[in-house]
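J.: If you scroll down you'll find the structure; I have some questions about it.
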Amino acid sequence: MDRILKDIKPKVVFEYFEALTRIPRESGNENEVAAYLEEFGKSLGLETKRDTVNNVIISKPGTPGYETAPHVILQGHTDMVCVKKDDLTFDFNKDPIPIYVDGDFIRTKGTTLGADNGIAVAMAMSILASNDLSHPPITALFTTAEETGMDGVMGLEKGSVAGDILINLDSEEEGVLLASCAGGVNNITELPIEFSKENPYDAAFKVVIQGLAGGHSGIEIHKNRANAIKLLGRTLSIMRGHFPFALFEVAGGEKMNAIAKRSEFKFALPGSEVMLMESLLPSIESTFKTEFEVSDPGIQIIFEEIEVPEKIFTQKTTLAVETLLRLTPFGVQTMSAGMPGLVESSNNLGVLEQVDGTIRLTNAIRSSVKSLKQALNEEMTLLSEWIGAKNYQVADYPEWPFKVESPTRDLMKKVYQDLFDKELKVDAIHAGLECGFLKEKIGDIDMVSLGPDLFDVHTPNEHISISSTERVYNFVCDVLKHIK
1 MDRILKDIKP KVVFEYFEAL TRIPRESGNE NEVAAYLEEF GKSLGLETKR
51 DTVNNVIISK PGTPGYETAP HVILQGHTDM VCVKKDDLTF DFNKDPIPIY
101 VDGDFIRTKG TTLGADNGIA VAMAMSILAS NDLSHPPITA LFTTAEETGM
151 DGVMGLEKGS VAGDILINLD SEEEGVLLAS CAGGVNNITE LPIEFSKENP
201 YDAAFKVVIQ GLAGGHSGIE IHKNRANAIK LLGRTLSIMR GHFPFALFEV
251 AGGEKMNAIA KRSEFKFALP GSEVMLMESL LPSIESTFKT EFEVSDPGIQ
301 IIFEEIEVPE KIFTQKTTLA VETLLRLTPF GVQTMSAGMP GLVESSNNLG
351 VLEQVDGTIR LTNAIRSSVK SLKQALNEEM TLLSEWIGAK NYQVADYPEW
401 PFKVESPTRD LMKKVYQDLF DKELKVDAIH AGLECGFLKE KIGDIDMVSL
451 GPDLFDVHTP NEHISISSTE RVYNFVCDVL KHIK
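First residue of the sequence shown? That's 1 in the UniProt record's numbering, and the numbers climb one at a time after it.
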């Protein structure tokens, strides 16, 4: 297969990145990429370990003159969020990501790119493979399943990685050095489905809410983008005010940590109400388009008549689904008082599905304040109890607290100023990073996070700046030269 990225710099970084786009690596399916990285490390003659959850650890001694320098850990995750355009036929388990170069950007033809966090893996691989870079002792830690709950770093054996400095390469804005992040948890509600003994309705329709922008539920949660699952709930409420109906299927979203860009539901109603329903749905679409004319101008509600089902949800279940979707909080819940502009707490309705006789709603709750994260969980528990559902939490990960003193931050700010003649901004992020868990696994070492400019991550429009990648890579290499 011809190389698509062969003529762009830094050449070795993009050579490895392109190789990664040809390897399946959806969260939970990292076996092949782990084998690739294990073989890569061994081919260089470097100490290489692969653990039981497919984390790969590769260590490289310091170059001459750096043998006793502080030990640096370069860290990124191998998995990616796999989302595609609704009308695209694509199999993330076998098809290579359809990348192409568009000016200064690497884009895809209708899928997520996987630059989050493949570019970190590629940069670390390039540093490990380099024969002409001066650097301290380095350990590259490639973790798995970061996007679905940080299972890889949770499964990392304590003591298997050691160092003095950790540079996480999972950030998405050049010129910003992160020193803190939110914690989070997957909050799941399961509502048992009660089916009616008979279906009194003689018409049925499928409704699809689509065309939304979607986006990263941490980084873009403040951008007032619509959530298709929330819009589904509102649509049900408006319909209920005009005619009787009963649901029999609901679905929405693709990934817990992506803002839902599509949802659908199927319902039965009296045939005498069909004309009213057909006139009501375009009115609902118009309302949504007006509300989100800037952030989501592409909203569409489409519908088609379908076969009347034998089984429908009871009115109790239909109303419970509506209540759950209407009352589950979405978006920013609190803003930080100490850091203006920083989202402090949020929730995202990520996936709505029917599983084993239940309606399951998976939310991504985030907060930089542990007690506020717990408060949101408690709200969901109360709501679930009220409608007769079960609520529980999985993949709880800790926040990464800000440290006042950081020699690595100070060094990076100086190197950045010298290289680019401008100040490196130090900030916090609402999205979750693995640094909180790494602090528990490795110890309270000096940690920072950075990365090149990425855009529209967790969407089919994800793209990365080529020139920004080159600058950030050169910056990291220069920082390593200064760590003695």
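The beta-carbon is built from N, C-alpha and C at its ideal position, and this holds for glycine as well.
(1) Could you tell me the alpha carbon to alpha carbon distance between E385 and L342, rounded to whole angstroms?
(2) Can we say the region 117-137 touches the region 369-378, given the rule of at least three CB pairs closer than 8 Å?
(3) Starting from V185, trace the alpha helix (DSSP H) in both directions and tell me its first and last residue.
(4) Reducing DSSP to helix, strand and coil, say where R22 ends up.
(5) Work out the CA separation of A162 and P340 for me, nearest whole Å.
(6) Drop a sphere of 10 angstroms on the beta-carbon of A100, count the other beta-carbons inside from all chains shown, and report buried for 16 or more, exposed for fewer.
(7) With respect to the alpha helix (DSSP H) encompassing Y36, which residues constitute its N-terminal and C-terminal limits?
(8) Whose CA, out of F292, E273, M277 and K230, lies closest to the CA of E264?
(9) Is DSSP giving N93 helix, strand or coil here?
(10) Give the single residue among L438, L411, C435 and F437 whose Cα lies nearest to the Cα of K425.
(11) How long is the line joining the alpha carbons of I284 and R240, rounded to whole angstroms?
(12) Would you tell me roughly how many angstroms separate the C-alpha atoms of G211 and G298, rounded to the nearest one?
(13) Nearest to N347 by CA position, among L141, G114 and A182, is which residue?
(14) Within 10 angstroms of its Cβ, does H242 collect 16 or more other Cβ (buried), or is it exposed?
(15) On a CA-only basis, which of Q315, A203 and S345 is nearest residue 504? Give me that one, please.
(16) Measure the alpha-carbon distance for P98 versus G114 and round it to whole angstroms.
(17) Does the pairing of the region 156-175 with the region 107-126 give three or more beta-carbon distances under 8 Å?
(18) With E385 as the anchor, note down where its alpha helix (DSSP H) starts and where it stops.
(19) Rounded to whole angstroms, what's the CA-CA distance from I238 to S367? Just pull it up for me.
T.: Let me spell this out:
(1) A straight-line Cα-Cα distance of about 32 Å links E385 and L342.
(2) no
(3) Bounds of any alpha helix (DSSP H) do not take in V185; it lies within the beta strand (DSSP E) bounded by V176 to P192.
(4) coil
(5) 35 Å
(6) For the record, residue 100 in the displayed sequence is Tyr; it is not Ala. By the 10 Å Cβ count, Y100 comes out exposed.
(7) N31 to S43
(8) Nearest of F292, E273, M277 and K230 to E264, Cα basis: K230.
(9) Note: N93 maps to coil in three-state DSSP.
(10) Of the listed residues, the one whose Cα sits closest to K425 is L411.
(11) 13 Å
(12) 5 Å
(13) A182
(14) Answer is exposed; the Cβ neighbour count stays below 16.
(15) The structure shown does not extend to residue 504, since the chain spans only 1 to 484, so no value can be given for it.
(16) 11 Å
(17) yes
(18) K370 to I387
(19) Spanning the alpha carbons of I238 and S367 requires a straight line of approximately 32 Å.
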